[in-house]
Amino acid sequence: METNVDIEEQSVISDRPVETTMHIDPERGRFPFLFVWAPLPVLTWLIPFIGHIGICREDGVILCFTTSYFVFVDDFGYFSVTRYLQIDEKLCRAISSLPSDKNEERHQNSEENKIVSWDHGLQKSILEYQHHSYNLLTCNCHSFVANSLNHLGFCGGSWNVVSVAVLILLKGRWVDRVSMVKSYLPFAILFLICVFTVFYVSWDFLQFWVIFVVELVGWFLFGSYCCKGLVRY
Numbered sequence: 001m002e003t004n005v006d007i008e009e010q011s012v013i014s015d016r017p018v019e020t021t022m023h024i025d026p027e028r029g030r031f032p033f034l035f036v037w038a039p040l041p042v043l044t045w046l047i048p049f050i051g052h053i054g055i056c057r058e059d060g061v062i063l064c065f066t067t068s069y070f071v072f073v074d075d076f077g078y079f080s081v082t083r084y085l086q087i088d089e090k091l092c093r094a095i096s097s098l099p100s101d102k103n104e105e106r107h108q109n110s111e112e113n114k115i116v117s118w119d120h121g122l123q124k125s126i127l128e129y130q131h132h133s134y135n136l137l138t139c140n141c142h143s144f145v146a147n148s149l150n151h152l153g154f155c156g157g158s159w160n161v162v163s164v165a166v167l168i169l170l171k172g173r174w175v176d177r178v179s180m181v182k183s184y185l186p187f188a189i190l191f192l193i194c195v196f197t198v199f200y201v202s203w204d205f206l207q208f209w210v211i212f213v214v215e216l217v218g219w220f221l222f223g224s225y226c227c228k229g230l231v232r233y
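The following block contains the structure:
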């Protein structure tokens, strides 16, 4: 991922205590200034680091792109959030004035068509994705989140579906221990089945699994880095 900011020098996760300042409420589905992740049936069972992802407004309402020409607001479908990542708004370099600035300055920046707040950046992505058709392989929920981060200028921009997936995988926090078990237990069961079939039945299941993972991951790597534009972000 190409960025203009050295992530090693500036933490991706805010240093502010999330519990007291951000008012995260998993029961109500409120995750202010975060993007969230949930396991997908079947797909996450086979590849545990791939799932459903959304990004949240300043008030914690989840936005996600799961169908053509429409961005869902406060509706994460049948998925419950299991992981989240808090974004430090100070690293969103496209925001020209933070919420603490004067209203007059915010109005002036708005007239110049600049990003004046977190929600303003998300709104630009919503308007854009209302004109895109959903496709699991070329334009999906990861595409929408990557586009939102690029509008916000988070860590310099240049986000894509792969870098977003890696970020939530490495930096994401579990809502609770039950969420971790719910996300990885199906994969663990399938893995044990795979081991059993290899030793007692045949290699066919393992071969299918490996081919599926390599082809799917390879597609997103190719579409994000080798043939830019093939996978939207």
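UniProt numbering applies: residue 1 is where the sequence shown begins, and numbers increase by one. Beta carbons: idealized from backbone N, C-alpha and C, even for Gly.
Separation of N140 and V198 (C-alpha to C-alpha, rounded to the nearest whole angstrom) is 34 Å.
Following the DSSP letters along the chain, one finds Q207 inside the alpha helix (DSSP H) bounded by residues D204 to L221.
DSSP places G54 within a strand segment (E or B) once states are collapsed to three. Listed in chain order, the non-local C-beta contacts of M180 below 8 Å within the same chain comprise T82 and W174, local neighbours out to five positions each way being set aside.
Residue range R83 to Q86 is occupied by the beta strand (DSSP E) that includes L85. Around the beta carbon of T67, a 10 Å sphere encloses fewer than 16 other beta carbons of the protein chains shown; the residue is thus reported as exposed. Its chain contains I24, C56, G60 and Y84 as the residues whose beta carbon lies nearer than 6 Å to that of F31, once the 5 sequence neighbours on both sides are disregarded; these appear in chain order. The continuous alpha helix (DSSP H) containing W118 extends over residues W118 to Y129.
Annotation: the continuous beta strand (DSSP E) that includes T67 extends over I62 to T67. A38: member of the beta strand (DSSP E) spanning L34 to P39, first to last residue. Measuring C-alpha to C-alpha distances from F70 to each of V195, S224, H131 and V231 identifies H131 as the nearest.
The DSSP-derived three-state label of F187 is helix.
Under the DSSP definition of a beta bridge, V161 lacks any partner. S183 has its alpha-carbon roughly 10 Å from the corresponding atom of P41. The DSSP-derived three-state label of F70 is strand. Taking the CA atoms as reference points, R232 sits about 31 Å from L185. Annotation for S224: no alpha helix (DSSP H) segment contains it, and DSSP assigns it neither H nor E. Here C194 is not near F208, since their CB atoms are 7 Å or more apart. Looking at the backbone, the Cα of F154 and that of D176 are separated by about 27 Å. As DSSP reads the structure, I115 sits in a beta bridge with I95. Taking a 10 Å sphere around the C-beta of F33, we find 16 or more other C-beta atoms and assign the residue as buried.
The continuous alpha helix (DSSP H) containing N147 extends over residues C141 to L152.
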